[in-house]
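*Asks:*
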Amino acid sequence: MKVLVTGGSGYIGSHTIVDLIDHNILPVSVDNFSRSSSETLEGIQKICKQSINNYDIDISQADELRKIFELEGDITGIIHFAAFKFVGESVKEPLLYYRNNLNGLINLLDCVKKYNIQQFVFSSSCTVYGNPDQLPVNEQSPILPSQSPYGATKQMSEQIIRDFAQNSSCKFSLLRYFNPIGAHPSAMIGEGSKFPPENLMPILTETALGLRKSLTVFGGDYPTRDGTCVRDYIHVMDIAHAHTKALSLHFQNQNVQTFNLGSGQGVTVLELISAFEKATGIKLNYEIGERRPGDVVAVYADNRKAREILGWELKYSLEEMMSTAWQWQLKKNA
Ligand code: WQD
67 MKVLVTGGSG YIGSHTIVDL IDHNILPVSV DNFSRSSSET LEGIQKICKQ
117 SINNYDIDIS QADELRKIFE LEGDITGIIH FAAFKFVGES VKEPLLYYRN
167 NLNGLINLLD CVKKYNIQQF VFSSSCTVYG NPDQLPVNEQ SPILPSQSPY
217 GATKQMSEQI IRDFAQNSSC KFSLLRYFNP IGAHPSAMIG EGSKFPPENL
267 MPILTETALG LRKSLTVFGG DYPTRDGTCV RDYIHVMDIA HAHTKALSLH
317 FQNQNVQTFN LGSGQGVTVL ELISAFEKAT GIKLNYEIGE RRPGDVVAVY
367 ADNRKAREIL GWELKYSLEE MMSTAWQWQL KKNA
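For what it's worth, the working numbering labels the leading residue of the sequence shown as 67, then goes sequentially.
1) If contacts are defined as beta-carbon pairs under 8 Å, then Val-296 and Val-333 qualify, I think. What distance do you get, rounded to the angstrom?
2) May I ask you to report which of helix, strand or coil DSSP gives Gly-355?
3) Is Asp-88 buried or exposed, if buried means 16 or more other CB atoms sit within 10 Å of its CB?
4) Considering Cα atoms alone, identify which of Gly-217, Ala-372 and Lys-279 is closest to Pro-160.
5) Can you find a heavy atom of the ligand WQD that lies under 7 Å from the Cβ of Ile-269?
6) In whole angstroms, what is the alpha-carbon distance linking Asn-167 and Pro-202?
7) What residue does the beta strand (DSSP E) around Phe-342 start on, and which one ends it?
8) Evaluate Leu-376 with the Cβ neighbour count: other Cβ atoms within 10 Å of its Cβ, from every protein chain shown; 16 or more gives buried, anything less gives exposed.
9) Do the segment 239-252 and the segment 179-199 meet, that is, are 3 or more Cβ pairs less than 8 Å apart?
10) Where DSSP assigns a beta bridge to Phe-238, which residues make up the other side?
11) Buried or exposed: where does Arg-291 fall if 16 or more other Cβ atoms within 10 Å of its Cβ makes it buried?
12) Would Asn-98 and Asp-129 qualify as a contact pair, given that the criterion is a beta-carbon distance under 8 Å?
13) Return the Cβ separation of Ile-144 and Ile-226 in integer angstroms, given the expectation that the two are a contact with Cβ distance under 8 Å.
14) Under 7 Å from any heavy atom of the ligand WQD, does the C-beta of Glu-356 make it?
15) Given 7 Å as the limit, tell me if Asn-265 has its C-beta closer than that to any heavy atom belonging to the ligand WQD.
16) Would you say Asp-292 touches the ligand WQD, meaning its beta carbon is less than 7 Å from a heavy atom?
17) Pop quiz: Glu-205 and Phe-317 are said to be a contact at Cβ under 8 Å. What is the actual Cβ separation, rounded to whole angstroms?
18) Using 8 Å as the threshold, is the C-beta distance between Ile-300 and Asn-245 below it?
19) Quick one: using the 10 Å Cβ neighbour count with 16 as the cut-off for buried, is Pro-268 buried or exposed?
20) Closer than 8 Å is the cut-off here; do at least three beta carbon pairs connect the segment 102-113 with the segment 247-258?
21) May I ask you to list the residues that DSSP assigns as paired with Ala-364?
22) Following a CB-centred definition, is Thr-324 positioned closer than 7 Å to any heavy atom of the ligand WQD?
23) For the ligand FMN, is there a heavy atom less than 7 Å away from the beta-carbon of Ser-280?
24) Report yes if the CB atom of Asn-120 is closer than 8 Å to the CB atom of Val-96, and no otherwise.
25) If you measure from the CB of Tyr-151, is any heavy atom of the ligand WQD nearer than 7 Å?
26) What are the start and end residues of the beta strand (DSSP E) that includes Thr-282?
27) Could you check where the alpha helix (DSSP H) with Asn-169 kicks off and where it finishes?
28) Put Pro-268 into one of helix, strand or coil per three-state DSSP.
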């Protein structure tokens, strides 16, 4: 099976390529390094001991994208990661997000039709649930108004796929990630970006390394067990393996399946900090600050569907999420 992986040098994309190769599936990457570094492909090559074929093109250029399918000839599946994902940036630049995230998807769906692609795995997000009033969320939980244009592009992308799938023989898996963190155990790849991080885990490890004076916990007065926000953190390698599983999923009648990829455990920011301190023996310097606008108070997954239908088993603990994230930070700054 030959699979096109868009965003192959990104955080989830790179870890998924490693898992695909581990399971004898040949990945072809397309990534223009607009948000990631080509060094990530070198990291993958060190882990897998084989070269990765990457096309440095922008998937919003339809004719460029079609060339890949013509050149490769026998692509049967697509895993689509390539999209902008910074919540804060999307509020400042909504058109950048709608143009990039939706045009890329639409061009790919044109290729699904033209080249008779049979499997399509889409990188979605728990942000589609907005601020849920019932927890844990399952795949039938209401899709609430999004908190950001980024989240809106994920909701719209899912709808575009559902509408397209009505007249397609292709099988679509929509994978809703909760909070992916951690890194490959080799520390050869991990979470990285050309932009300073906005999300918790890299900011936490940069603080631990002394690259930042302290971590600000955004809000300590939420209606949760310790006043800080609750999230469902999940190891990036567990997320990666769910994509490999999705490629071989036998669909019954409908040709779109949606899965929550979360651990099923809600963890507060303060609990995550304690887990990091326990796993690494490092005392973290942090203070409680103002709430961050747009933050969801609490969200965590009911992951039964992914476990029962996808056959997805979680392999990594919260402690391993902390230790691999830390090893990656040390390696990056070695
Ligand atoms: C987690 C918690 C913050 C930074 C993520 C991704 C987003 C999307 C949805 C995939 C929150 C708190 C953070 C800091 C803090 N992913 N925090 N101090 O907001 O859940 O969004 O999931 O589609 O791209 O980012 O993740 O890591 O930004 O925040 O206290 O310096 O950490 O308030 O409670 P979030 P996050």
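Beta carbons: idealized from backbone N, C-alpha and C, even for Gly.
*Replies:* From the atom records:
1) 7 Å
2) strand
3) exposed
4) Gly-217
5) yes
6) 28 Å
7) Per DSSP, Phe-342 belongs to no beta strand (DSSP E); it is in the alpha helix (DSSP H), 335-346.
8) buried
9) yes
10) Phe-186 and Val-322
11) exposed
12) no
13) Rounded, the Cβ-Cβ distance is 14 Å, inconsistent with contact.
14) no
15) yes
16) no
17) About 15 Å; that fails the 8 Å criterion.
18) yes
19) buried
20) yes
21) Val-296
22) no
23) Only the ligand WQD can be found as ligands here, which leaves the ligand FMN out of the picture.
24) yes
25) Sequence inspection shows Lys at residue 151; the Tyr mentioned does not correspond to that position. Yes.
26) 281-284
27) 160-180
28) helix
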